[in-house]
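Here the structure comes first, spelled out in structure tokens, and everything after it is commentary.
Number of protein chains: 4
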Amino acid sequence: MSGIQDAPDRTEIPLDGIGVTELVYPVTVPARDGAPQTTAAAFSLNIAMGKEARGAHMSRFVEILDGDPRLLSAAGLRTLLTDLVAAHEARAARAEIDFTFFVHRSAPVSGAGSLLACPVTMEASLGDDFDLVTTVVVPVMTVCPCSKEATGGPAHSQRGHVAVSIRTEGRVWIEEIVELVEDCASAPVYPLLKGDDERSVIEDAHEDPVLVEDLVRRTAERLDSDVRVSWYRVEAENLDSVHDHNLSACVERPLS
Amino acid sequence: MSGIQDAPDRTEIPLDGIGVTELVYPVTVPARDGAPQTTAAAFSLNIAMGKEARGAHMSRFVEILDGDPRLLSAAGLRTLLTDLVAAHEARAARAEIDFTFFVHRSAPVSGAGSLLACPVTMEASLGDDFDLVTTVVVPVMTVCPCSKEATGGPAHSQRGHVAVSIRTEGRVWIEEIVELVEDCASAPVYPLLKGDDERSVIEDAHEDPVLVEDLVRRTAERLDSDVRVSWYRVEAENLDSVHDHNLSACVERPLS
Amino acid sequence: MSGIQDAPDRTEIPLDGIGVTELVYPVTVPARDGAPQTTAAAFSLNIAMGKEARGAHMSRFVEILDGDPRLLSAAGLRTLLTDLVAAHEARAARAEIDFTFFVHRSAPVSGAGSLLACPVTMEASLGDDFDLVTTVVVPVMTVCPCSKEATGGPAHSQRGHVAVSIRTEGRVWIEEIVELVEDCASAPVYPLLKGDDERSVIEDAHEDPVLVEDLVRRTAERLDSDVRVSWYRVEAENLDSVHDHNLSACVERPLS
Amino acid sequence: MSGIQDAPDRTEIPLDGIGVTELVYPVTVPARDGAPQTTAAAFSLNIAMGKEARGAHMSRFVEILDGDPRLLSAAGLRTLLTDLVAAHEARAARAEIDFTFFVHRSAPVSGAGSLLACPVTMEASLGDDFDLVTTVVVPVMTVCPCSKEATGGPAHSQRGHVAVSIRTEGRVWIEEIVELVEDCASAPVYPLLKGDDERSVIEDAHEDPVLVEDLVRRTAERLDSDVRVSWYRVEAENLDSVHDHNLSACVERPLS
Numbered sequence: 001m002s003g004i005q006d007a008p009d010r011t012e013i014p015l016d017g018i019g020v021t022e023l024v025y026p027v028t029v030p031a032r033d034g035a036p037q038t039t040a041a042a043f044s045l046n047i048a049m050g051k052e053a054r055g056a057h058m059s060r061f062v063e064i065l066d067g068d069p070r071l072l073s074a075a076g077l078r079t080l081l082t083d084l085v086a087a088h089e090a091r092a093a094r095a096e097i098d099f100t101f102f103v104h105r106s107a108p109v110s111g112a113g114s115l116l117a118c119p120v121t122m123e124a125s126l127g128d129d130f131d132l133v134t135t136v137v138v139p140v141m142t143v144c145p146c147s148k149e150a151t152g153g154p155a156h157s158q159r160g161h162v163a164v165s166i167r168t169e170g171r172v173w174i175e176e177i178v179e180l181v182e183d184c185a186s187a188p189v190y191p192l193l194k195g196d197d198e199r200s201v202i203e204d205a206h207e208d209p210v211l212v213e214d215l216v217r218r219t220a221e222r223l224d225s226d227v228r229v230s231w232y233r234v235e236a237e238n239l240d241s242v243h244d245h246n247l248s249a250c251v252e253r254p255l256s
Numbered sequence: 001m002s003g004i005q006d007a008p009d010r011t012e013i014p015l016d017g018i019g020v021t022e023l024v025y026p027v028t029v030p031a032r033d034g035a036p037q038t039t040a041a042a043f044s045l046n047i048a049m050g051k052e053a054r055g056a057h058m059s060r061f062v063e064i065l066d067g068d069p070r071l072l073s074a075a076g077l078r079t080l081l082t083d084l085v086a087a088h089e090a091r092a093a094r095a096e097i098d099f100t101f102f103v104h105r106s107a108p109v110s111g112a113g114s115l116l117a118c119p120v121t122m123e124a125s126l127g128d129d130f131d132l133v134t135t136v137v138v139p140v141m142t143v144c145p146c147s148k149e150a151t152g153g154p155a156h157s158q159r160g161h162v163a164v165s166i167r168t169e170g171r172v173w174i175e176e177i178v179e180l181v182e183d184c185a186s187a188p189v190y191p192l193l194k195g196d197d198e199r200s201v202i203e204d205a206h207e208d209p210v211l212v213e214d215l216v217r218r219t220a221e222r223l224d225s226d227v228r229v230s231w232y233r234v235e236a237e238n239l240d241s242v243h244d245h246n247l248s249a250c251v252e253r254p255l256s
Numbered sequence: 001m002s003g004i005q006d007a008p009d010r011t012e013i014p015l016d017g018i019g020v021t022e023l024v025y026p027v028t029v030p031a032r033d034g035a036p037q038t039t040a041a042a043f044s045l046n047i048a049m050g051k052e053a054r055g056a057h058m059s060r061f062v063e064i065l066d067g068d069p070r071l072l073s074a075a076g077l078r079t080l081l082t083d084l085v086a087a088h089e090a091r092a093a094r095a096e097i098d099f100t101f102f103v104h105r106s107a108p109v110s111g112a113g114s115l116l117a118c119p120v121t122m123e124a125s126l127g128d129d130f131d132l133v134t135t136v137v138v139p140v141m142t143v144c145p146c147s148k149e150a151t152g153g154p155a156h157s158q159r160g161h162v163a164v165s166i167r168t169e170g171r172v173w174i175e176e177i178v179e180l181v182e183d184c185a186s187a188p189v190y191p192l193l194k195g196d197d198e199r200s201v202i203e204d205a206h207e208d209p210v211l212v213e214d215l216v217r218r219t220a221e222r223l224d225s226d227v228r229v230s231w232y233r234v235e236a237e238n239l240d241s242v243h244d245h246n247l248s249a250c251v252e253r254p255l256s
Numbered sequence: 001m002s003g004i005q006d007a008p009d010r011t012e013i014p015l016d017g018i019g020v021t022e023l024v025y026p027v028t029v030p031a032r033d034g035a036p037q038t039t040a041a042a043f044s045l046n047i048a049m050g051k052e053a054r055g056a057h058m059s060r061f062v063e064i065l066d067g068d069p070r071l072l073s074a075a076g077l078r079t080l081l082t083d084l085v086a087a088h089e090a091r092a093a094r095a096e097i098d099f100t101f102f103v104h105r106s107a108p109v110s111g112a113g114s115l116l117a118c119p120v121t122m123e124a125s126l127g128d129d130f131d132l133v134t135t136v137v138v139p140v141m142t143v144c145p146c147s148k149e150a151t152g153g154p155a156h157s158q159r160g161h162v163a164v165s166i167r168t169e170g171r172v173w174i175e176e177i178v179e180l181v182e183d184c185a186s187a188p189v190y191p192l193l194k195g196d197d198e199r200s201v202i203e204d205a206h207e208d209p210v211l212v213e214d215l216v217r218r219t220a221e222r223l224d225s226d227v228r229v230s231w232y233r234v235e236a237e238n239l240d241s242v243h244d245h246n247l248s249a250c251v252e253r254p255l256s
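Residue numbers (the numbering used here), protein chains in the order written: chain A, 1 to 256; chain B, 1 to 256; chain C, 1 to 256; chain D, 1 to 256.
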């Protein structure tokens, strides 16, 4: 449009990021069952820019995204970032992508099927190396062990959300993260439960009460034992039923 | 700034509303304990405009709000709307105002005090008459009676939010609405509960399990019996702990 | 799970709505180009319930949704609601569905293609009759005519969002609503504009400055002249660039 | 309530954070004009917990907050964190607090006064040392220099939000950050502008067009020259008027 972006910048301050945010585009997400999921995703895309130029060519972010198949695999993201780096002659590029992924659920007694929606975020960057952090938010049920002990009977329960962020060597399916977290909660949540299913879930959940502390520690323990996981961060929030605020816990494995 | 707003409009289409939204300003809210609360509120202000003029003078909305004491009583809101009508020579004016109100809570056993934050919306309009609808969102705890019956013991519980909207003749304090709804739930929620308090709340809640249907019907019944309440709408959402979606119920008394 | 839902209700208060909210499920949306779009949508589903029963069978909402093809055409929505009414032996059923729809855009000079994301809401109900209101939010650009006149040159511009809600007799594509609104603004917005495109858009927009009042009136005028549209409501919000609050206007055609 | 929290934890995994989120409480914020502002704030409070104990005593977070004057000065935050560390016998404690702060604005020609609402976040931590990062989001107006050059006249403008995060040695008022950022934009935004004010703002803004890149670099340059600022991060988002997505830029000074 003009030479303004390419003119030298007076301040000589390099930019850590320059790009677009809240750009919504259709994507395809690989799934373990072999049927990729198509949905809408929100993109933030940016590059690192040296002090030489005054501005980035903003249309190129959209141009590359529109030209890309937008398959959200590690290989697909690496291609997207490689194209961004090349188009901008940049040192580095980053993408953050938010979308909803559906996981098949079967009710424990009736076997009734339904789809559980899990928010997923992928944060990919390419500089000297390619890096990918995948975050899956898994809804679960928790029963409070303190109240169970204190009353000798009734205990309060609530919905919790566990956000697991991982870096991996080798593929880890979103579905695997969901299942791993559900094993660490008092019970999974299900979109569809018939009467006998609900009774079963509640009885099972009360047999295995967990603090929000237990929930993140158990999840961390499971991730520690998975050789494919090179880094993780687990953050859980319990939508406590005796309060209107949340109880939260967090643990992060240091980068080795 | 120019005569454009005052010029006749070619389309001859009257506007149902013209004004400002997402305007954040400090307000003072009367409280039952005599200590008014100061906080930030989000305003939508608009007027009905005939087909004569092309545009409204948008600066007057802010000018009047800035000049107003912004005391969110019925009288204060009537003054604000009267000023808006006069400044715009309008047929009608409306205000919608969102803010947080704090209610004192004492834990049931220890008596430990804390403040419970309740979202409040006031919708006021002035045309031929002055009208005011106040909506208070009250967080509560609900225990499921179906699961209690089915298991013969453990039952799931969750946080619920009950939005009560009322038109009144005579003053009804926000605090009264909160207390009324809490009476209709399995138990109130509290920001602060010590160990003995929590046990007491949980035991009480399990003695009084309610469906989301029960919650709105009980609340409606209480509002029906309050002669000051001339209209209401009750909407409850249970953040169900065995699902990641909510269960909701709604009942509205027709305008008589 | 138990007979609690089917037991008679003590209060004898009928419920205007009872059901589920924030239930996220995949959907398919018909598109004018013949290629239906697959995406994730948020559902609220509820039924009207008489005073006879204490509770609804909540699992049936999810069961029906999971069994349904979830094609968001008028016919598809009518089938969904018919199934809900039958499953609950209800007087009426309602669905509110939120999703993102993508519209193809070609830049005005270069012809560069991209996809514009538009939020869409469908509100369908079935009682004595079937009713469907479709709301499309269309992003546009507006240039202020007052500032243009006042300065004799520079004028401020901003992003605006126009929410058009319609009831129709005969099919109106989402794409048609988007195009209709874009004609009424100073200019459309585009995800992808190369340099010459951007100059063209800005020059065109400054040739056709509009107040937020003009924007809704022009849109209303266009809808008035479309024989397929039996009712509408137009709400526009300008993200004004000289303020941090929005300017809004609204016009609704009364139901005939 | 029980000894469960104090029991040893089987996993021996220390927790990086354990506490409460979305706890809304009234606060008082010091202001440069000597009149502290009272408003509602959202708190996240947590402590770092060793591997010895299974759980934290969650009621203590609320107990301390309720007992605290909640004056959001550096000294006030240090006291709050010191109390949290002591109550939990913890190695470290953290607080993140979100609220709205009002800044007085005078229109440039008429002098008409109004209040500009700025979102503020304070992130304080206490471990070996006390640390405080204050983030102020400043709304501004930007005019695009590329389109101005390309058309030789009309240029598009938009609202932008600049989030400035700083660590300081010595006090820096929120009001100073707002003024500093406004100097770096094409123009400030004002809640209240009369006709002559609006013309003046628009003419001034078109005299000083800035890219989002310029906006963050200019702000960084100003922060670089302020000896009180020991670290900063500047993130700007332009709500571009020719797109429905945002353009963003970011620069962070490394911790020395």
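From the three backbone atoms N, C-alpha and C, an ideal C-beta is built for every residue, glycine too.
- Assigned with DSSP and collapsed to three states, Pro191 (chain A) falls in coil, not helix or strand.
- Within chain C, the C-beta atoms nearer than 8 Å to that of Ser248 (chain B) come from Gly17, Ile18, Gly19, Val20, Thr21, Ser44 and Asn46, in chain order.
- According to the DSSP assignment, Gly160 (chain A) belongs to the beta strand (DSSP E) that extends over Ser157 to Thr168.
- Proximity of Met58 (chain A) to chain B, defined by a Cβ-Cβ separation below 8 Å, is not satisfied.
- Cβ-Cβ distances below 8 Å link Pro26 (chain A) to Thr38, Thr39, Ala40, Ala41 and Arg70 in the same chain, with the five nearest sequence neighbours on each side left out; the list follows chain order.
- Counting of Cβ neighbours within 10 angstroms places Glu89 (chain C) among the exposed residues, the total staying below 16.
- Sorting C:Glu252, C:Asp6, C:His156 and C:Met49 by C-alpha distance to the C-alpha of His243 (chain C) places C:His156 at the top.
- Taking 7 Å as the cut-off between beta carbons, the residues of the stretch 59-79 of chain A near chain C are Ser59, Val62, Glu63 and Asp66, in sequence order.
- Annotation for Cys118 (chain C): the continuous beta strand (DSSP E) segment containing it runs Gly113 to Leu126.
- Between Arg253 (chain C) and Tyr232 (chain C), the C-beta spacing is below 8 Å.
- The count of Cβ pairs closer than 8 Å, one atom from the stretch 4-12 of chain C and one from the stretch 76-88 of chain A, stays below three, leaving the stretches out of contact.
- Per the C-alpha coordinates, the member of C:Arg105, C:Ala7 and C:Pro36 positioned closest to Leu72 (chain C) is C:Pro36.
- Taking a Cβ-Cβ threshold of 7 Å, the residues of chain C close to Val201 (chain D) are Val242, in chain order.
- Along the stretch 216-231 of chain C, going in chain order, the ones with a CB nearer than 9 Å to a CB of chain B are Val216, Arg217, Arg218, Ala220, Glu221 and Asp224.
- Taking 9 Å as the Cβ-Cβ cut-off, the stretch 153-179 of chain A approaches chain B at Gly153, Pro154, Ala155, His156, Ser157, Gln158, Arg159, Gly160 and His161, given in chain order.
- Exclusion of the five residues before and after Gly127 (chain A) leaves Arg91 and Ala92 as the residues of its chain whose Cβ lies within less than 7 Å of its Cβ.
- When CB distances to chain C are screened at a threshold of 7 Å, not a single residue of the stretch 101-135 of chain B falls below it.
- Identification of residues in the stretch 136-152 of chain C having a C-beta nearer than 8 Å to some C-beta of chain B yields Pro145, Cys146, Ser147, Glu149 and Ala150, given in sequence order.
- Inclusion of Ala249 (chain A) and Glu213 (chain A) in the CB contact set at 8 Å is warranted, their separation being smaller than that value.
- Taking the beta carbon of Glu213 (chain D) as reference, the chain A residues within 9 Å of it are Gln5, Asp9, Leu15, Ile18, Met49, Ala53, Arg54, Gly55 and Ala56, listed in sequence order.
- By the rule that beta-carbons nearer than 8 Å mark a contact, Val189 (chain C) touches chain D.
- DSSP places Asp68 (chain A) outside both helix and strand once states are collapsed to three, so it counts as coil.
- The stretch 103-118 of chain B makes no contact with the stretch 143-163 of chain B, as fewer than three CB pairs between them are under 8 Å.
- Listed along chain D are Thr100 and Ala117, each with a C-beta nearer than 7 Å to that of Val24 (chain B).
- Proximity of Thr38 (chain A) to chain C, defined by a Cβ-Cβ separation below 8 Å, is satisfied.
- CA-to-CA, the gap between Leu65 (chain B) and Val133 (chain A) works out to about 47 Å.
- Going by beta carbons, Arg78 (chain A) and Gly17 (chain A) fall outside the 8 Å limit.
- Within the same chain, Ala42 come within 7 Å of Glu22 (chain A) by CB-CB distance, once the 5 residues on both sides are set aside.
- For Asp33 (chain D), same chain residues with a beta-carbon under 7 Å away, outside a window of 5 residues either side, do not exist.
- Residue environment: Val229 (chain D) is assigned as buried (16 or more neighbouring CB atoms within 10 Å of its CB, all protein chains considered).
- The continuous stretches of beta strand (DSSP E) do not include Gly50 (chain B), and DSSP gives it neither H nor E.
- Between the alpha carbons of Asp68 (chain C) and Gly76 (chain C) lies a gap of roughly 9 Å.
- Residue burial annotation: Arg105 (chain B) is buried, with at least 16 other C-beta atoms found within 10 angstroms of its C-beta.
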